Each structure stands twice: as C-alpha cells, then as structure tokens.
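S.K.:
Residue numbers (my numbering): 90 to 219.
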C-alpha cells in the first residue's frame, strides 16, 4: 500500500516528460519526505508570475493581432517528441482558431514558444530541449 501510494505521489510530482524521461518539480524530494505539501511545489512563484506578465504585456503591445494569437498558461501542444505544456505561445491566428474550442491539446505548435521554468528540478548541465 505504501509503495503504490509513493508511486502515485511520484507520478504527480512529474513536471514534464522529455524524450520519455521525467522532469520533477523543484523540491519534489521534500514532498516525498513529508516536509512540503504537493501544492507548494506545483504553484507558480510570484517571480515566475511577474516574468510571464511582463513578457505578455510586451508582446501584446507589439504583435499584429490580426495575424497572431498569444496564448498563455501551460498550453498543451503536440510536438514531434510528444505532448508539452508551454507558458506562452505565439500562433498564427488563422491556424490556432480552428482548434481553440475543439481541443484540450493543440495539434499544432506555436511559431514561438516561451517557457519560464522556475519549478523544474534540473541538473546543472540539463536543458529543456524544446
């Protein structure tokens, strides 16, 4: 019972998967040890939220809104490597509008993807490889 509970918790602590390998939330080991709640490591920090907001303000003030659509907040997209969640995506409006109300995961990739990762537990030599 404890092992299956830990497996379930470990699965919930996966931030993303890249090439089939899990990337865990930062401080995931503290959750396993019972020193932090799952929600604490999954929440966006104020600095991450501020960075996303500043980038969005900048992009919205400069983008051609008749041609492009900016979507944000962990948008699910399908890539060659599988499914990914991105913080900010700039899409061709004519393409993305076909799927906005129909899909939970977009079958198209953005022209530009922006990730602000302060929550992923990465090793020093690792990168996200989008």
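Note that beta-carbon positions come from the ideal geometry of N, C-alpha and C, so glycine has one too.
Small disclaimer: the values here were computed from a predicted structure and weren't measured.
1) Look up residue 156 in the DSSP assignment and say whether it is helix, strand or coil.
2) Keeping to the same chain, check which residues put their C-beta closer than 7 Å to that of residue 193; ignore five residues upstream and five downstream.
3) Sort out for me which residues DSSP pairs residue 202 with in a bridge.
4) For residue 142 and residue 148, what's the separation of their Cα atoms in angstroms?
5) As an exercise, report each continuous beta strand (DSSP E) stretch of at least 3 residues that is fully enclosed by the stretch 101-129, in chain order.
6) Check whether the stretch 183-199 touches the stretch 149-165, taking contact to mean three or more Cβ pairs, one atom from each stretch, closer than 8 Å.
7) Taking the alpha-carbon of residue 205 as reference, which of 120, 130, 116, 136 has the nearest alpha-carbon?
8) Does the distance from the C-beta atom of residue 131 to that of residue 146 stay below 9 Å?
9) Between the Cα of residue 119 and those of 107, 99, 110, 109, spot the shortest distance and give me the residue it belongs to.
10) Using only CA atoms, which one of 181, 109, 104, 169 lies nearest to residue 127?
11) Within a Cβ cutoff of 6 Å, which residues of the same chain sit near residue 199, ignoring the five residues on either side of it in sequence?
12) Can you give the Cα-Cα distance for residue 189 and residue 172, rounded to whole angstroms?
M.R.: On the basis of the coordinates in this document:
1) The answer is coil: DSSP assigns residue 156 none of H, G, I, E or B.
2) 165
3) 178
4) 10 Å
5) 103-107, 110-113
6) yes
7) 136
8) no
9) 99
10) 104
11) 178, 179, 180
12) 16 Å
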